[in-house]
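Start counting the sequence shown at 50; every next residue gets the next number (this note's numbering).
Before any comments, here is the structure.
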Amino acid sequence: MLEAPDDVLLERSHGRLIDPLTGDIYHQTFVQPTDQTVAQRLEKGRSQSKKQQLADLQHYRCEVTGLSSAYQHVLKTINADQPPADVYQQAKAFVHTRHRSRIPRILLLGPPGSGKSLQARLLSDKYKIVDVCFSQLLRSIAADGSALGKQVQPFLKARQPVPDVLVLQVLEERLSKVDCSCRGWILHHLPSDLQLARNLQDSLFPPNRCVSPHKLL
């Protein structure tokens, strides 16, 4: 659960950059690629209005207590209002030391702008686990022409929440693939509320680690 003060989160929401080849997310101030070839091809990411950003953040604040309680038995709290490399080192230590004999099924929680995509990419590269960004997964499913994708597409087009029953179908289809089954996965941009967290916990693919970076008050 990546956390930081609201003013920091709102600042991070501006200046997002995306690598069109890999989908990796960077920031013009906070997170820049070291490879100049990558830096030269970056494109501006989609930006929300400040009103929408505040609404998304408020929704998260309303749900965060329930989300934390749902995963308290596998939860690690980390302060995210620090350099990304420091957040990564603490998350890496937790992933490395907990349940080493089990295939990692990691849930990365946090509000918009907290750096979930970056930390997921770093942990995925380090441990060779599958990086599953649920928002990207939904868009991919909606565009693939499958029966499931056709059910998801109208909700994305209307910018409405996808029903939990479809969310779980999308997840189970992806997490049951061989790469996730053999290597493990790190899931982010989901769940968005307590009920979905409980549904995920009761599914065939419950997380066995939950990283929850926490803001310093």
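The beta carbon of each residue, even a glycine, is placed where N, CA and C say it ideally should be.
Check	Outcome
Counting pairs of Cβ atoms below 8 Å between the stretch 228 to 237 and the stretch 167 to 186, do you hit three or more?	yes
Look at the alpha carbon of residue 85 and the alpha carbon of residue 62, and state the distance between them as a whole number of angstroms.	23 Å
In the structure shown, what three-state DSSP assignment does residue 251 receive?	coil
Let me know if residue 111 comes out buried or exposed under the rule of 16 or more other beta-carbons within 10 Å of its beta-carbon.	exposed
Determine the DSSP secondary structure at residue 213, reduced to helix, strand or coil.	helix
Which residue wins for smallest C-alpha separation from residue 226, given the options 242, 253, 205 and 56?	253
If we ignore side chains and look at the alpha-carbon of each, how far apart do residue 172 and residue 197 end up?	29 Å
Would you decide whether residue 170 is buried or exposed? Buried here means 16 or more other CB atoms lie within 10 Å of its CB.	buried
Under DSSP, the alpha helix (DSSP H) around residue 190 begins and ends at which residues?	183 to 192
State the DSSP-derived secondary structure class of residue 80, mapped to helix, strand or coil.	coil
Return the Cβ separation of residue 88 and residue 97 in integer angstroms, given the expectation that the two are a contact with Cβ distance under 8 Å.	Wrong, their Cβ atoms sit about 24 Å apart, outside the cutoff.
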